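Each residue of the sequence shown is one higher than the one before, starting from 1 at the first, in this note's numbering. C-beta atoms are modelled at their ideal positions from N, C-alpha and C, and glycine is treated no differently. Owing to the predicted nature of the structure, the values given are computational and were not obtained by experimental measurement. One structure below.
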Amino acid sequence: MSVTQNLTLWLCFEMKPKSFKFPVQYKQTPPDVDALAAILSERGRFKTLNLDALDIEFFHDDNHSESLPGGILVTDLTTTDISPLFLRYPFSGDRG
(Lines of atoms letter the chains of each structure in order from A and count residues from 1; the text may use other names and numbers.)
(Lines give C-alpha, C1' and ligand atoms only; values in the text may rest on other atoms or scores of the structure.)
Protein backbone atom coordinates (compact mmCIF):
# COMPACT_ATOMS: atom_id res chain seq x y z
CA MET A 1 0.00 0.00 0.00
CA SER A 2 1.42 3.37 -1.06
CA VAL A 3 1.33 6.24 1.35
CA THR A 4 0.49 9.64 -0.09
CA GLN A 5 3.17 12.22 0.61
CA ASN A 6 2.25 15.88 1.01
CA LEU A 7 4.46 18.85 0.26
CA THR A 8 3.67 22.55 0.13
CA LEU A 9 5.58 24.85 -2.20
CA TRP A 10 5.49 28.63 -2.11
CA LEU A 11 4.95 29.95 -5.65
CA CYS A 12 4.75 33.44 -7.10
CA PHE A 13 3.68 34.53 -10.56
CA GLU A 14 6.38 36.69 -12.10
CA MET A 15 5.60 40.41 -11.77
CA LYS A 16 3.11 39.79 -8.94
CA PRO A 17 3.80 41.04 -5.41
CA LYS A 18 2.37 38.14 -3.41
CA SER A 19 3.34 34.48 -3.20
CA PHE A 20 0.91 31.65 -2.47
CA LYS A 21 1.00 28.11 -1.11
CA PHE A 22 0.60 25.28 -3.60
CA PRO A 23 0.04 21.75 -2.24
CA VAL A 24 1.69 18.84 -4.04
CA GLN A 25 0.81 15.21 -3.40
CA TYR A 26 2.66 12.16 -4.65
CA LYS A 27 2.77 8.43 -3.92
CA GLN A 28 6.33 7.15 -4.41
CA THR A 29 8.57 9.47 -6.40
CA PRO A 30 8.23 13.22 -5.94
CA PRO A 31 7.51 15.16 -9.14
CA ASP A 32 10.23 17.08 -10.88
CA VAL A 33 9.88 20.65 -12.15
CA ASP A 34 8.59 19.45 -15.55
CA ALA A 35 5.89 17.36 -13.85
CA LEU A 36 5.00 20.35 -11.66
CA ALA A 37 4.45 22.40 -14.83
CA ALA A 38 2.10 19.69 -16.12
CA ILE A 39 0.19 19.70 -12.82
CA LEU A 40 -0.12 23.49 -12.88
CA SER A 41 -1.25 23.56 -16.51
CA GLU A 42 -4.28 21.47 -15.51
CA ARG A 43 -5.33 23.66 -12.58
CA GLY A 44 -6.80 27.06 -11.86
CA ARG A 45 -5.51 30.06 -13.74
CA PHE A 46 -3.31 28.09 -16.11
CA LYS A 47 -6.17 25.86 -17.21
CA THR A 48 -8.28 28.92 -18.10
CA LEU A 49 -5.37 30.28 -20.16
CA ASN A 50 -5.07 26.96 -22.02
CA LEU A 51 -1.29 26.89 -21.61
CA ASP A 52 0.91 23.96 -22.44
CA ALA A 53 3.21 22.77 -19.66
CA LEU A 54 6.18 23.59 -21.92
CA ASP A 55 5.17 27.27 -21.76
CA ILE A 56 5.80 27.44 -18.00
CA GLU A 57 9.26 28.31 -16.69
CA PHE A 58 10.45 28.26 -13.08
CA PHE A 59 13.03 30.53 -11.46
CA HIS A 60 14.50 30.51 -8.00
CA ASP A 61 16.86 33.48 -8.29
CA ASP A 62 16.12 37.15 -7.67
CA ASN A 63 16.71 38.39 -11.21
CA HIS A 64 14.93 35.51 -12.99
CA SER A 65 17.77 35.17 -15.46
CA GLU A 66 18.19 31.39 -15.60
CA SER A 67 15.26 28.98 -15.55
CA LEU A 68 15.52 25.80 -13.50
CA PRO A 69 16.25 22.53 -15.31
CA GLY A 70 13.16 20.35 -15.64
CA GLY A 71 14.65 17.36 -13.85
CA ILE A 72 15.01 18.99 -10.43
CA LEU A 73 12.78 17.24 -7.90
CA VAL A 74 10.38 19.51 -6.02
CA THR A 75 11.62 17.97 -2.76
CA ASP A 76 15.07 19.42 -3.53
CA LEU A 77 13.65 22.96 -3.58
CA THR A 78 13.39 25.11 -0.49
CA THR A 79 10.65 27.71 -0.82
CA THR A 80 9.18 30.22 1.61
CA ASP A 81 6.81 33.15 1.34
CA ILE A 82 9.88 35.40 1.15
CA SER A 83 11.82 33.16 -1.25
CA PRO A 84 9.22 31.46 -3.49
CA LEU A 85 9.58 29.56 -6.73
CA PHE A 86 8.78 32.11 -9.45
CA LEU A 87 6.60 31.16 -12.41
CA ARG A 88 6.88 32.68 -15.85
CA TYR A 89 4.45 31.97 -18.63
CA PRO A 90 4.03 33.81 -21.97
CA PHE A 91 1.74 36.51 -20.57
CA SER A 92 3.58 37.30 -17.32
CA GLY A 93 6.52 39.39 -18.45
CA ASP A 94 9.27 40.09 -20.89
CA ARG A 95 10.63 37.01 -22.58
CA GLY A 96 13.36 38.72 -24.53
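Report whether the distance from the Cβ of A35 to the nearest heavy atom of the ligand GDP is below 7 Å. No copy of the ligand GDP appears in this structure; indeed no ligand is present at all.
In its own chain, which residues sit with a C-beta less than 8 Å from the C-beta of S2, not counting the 5 before and 5 after it? Counting from 1 along the sequence shown, the entry for residue 2 is found at position 2. Excluding sequence neighbours, S2 sits near K27 and Q28.
S67 to D55, Cα distance in whole Å? By 1-based counting over the sequence shown, the position of residue 67 is 67. By 1-based counting over the sequence shown, the position of residue 55 is 55. So the alpha carbons of these two residues sit roughly 12 Å apart.
Suppose only complete runs of 3+ residues qualify. What are the beta strand (DSSP E) ranges in the stretch 39-92, listed by chain order? 57-59 and 85-88
Under the assumption that R88 contacts E14 (Cβ atoms under 8 Å), give the Cβ distance between them as a whole number of angstroms. Here the question's residue 88 lines up with position 88 in the sequence shown. Here the question's residue 14 lines up with position 14 in the sequence shown. That belief holds up - the Cβ atoms of R88 and E14 are roughly 5 Å apart, short of 8 Å.
Residue span of the beta strand (DSSP E) that contains T8, given as start and end: In the sequence shown, the residue the question calls residue 8 occupies position 8. Segment Q5 to F13, the beta strand (DSSP E) holding T8.
Cβ neighbours of L51 in the same chain (closer than 6 Å, five flanking residues each side left out): Residue mapping note: residue 51 aligns to position 51 of the sequence shown, counting from 1. Only S41 and Y89 meet the Cβ criterion.
By the 10 Å Cβ neighbour count, where 16 or more other Cβ atoms means buried, how is P84 classified, buried or exposed? The count along the sequence shown starts at 1 and reaches residue 84 at position 84. Buried, by the Cβ-count rule.
Which whole-angstrom value describes the C-beta separation of T4 and Q25, a residue pair presumed to lie in contact below a C-beta threshold of 8 Å? Taking the sequence shown and counting its residues from 1, the one referred to as residue 4 is at position 4. Taking the sequence shown and counting its residues from 1, the one referred to as residue 25 is at position 25. Yes, T4 and Q25 are in contact; Cβ-Cβ is about 5 Å, under 8 Å.
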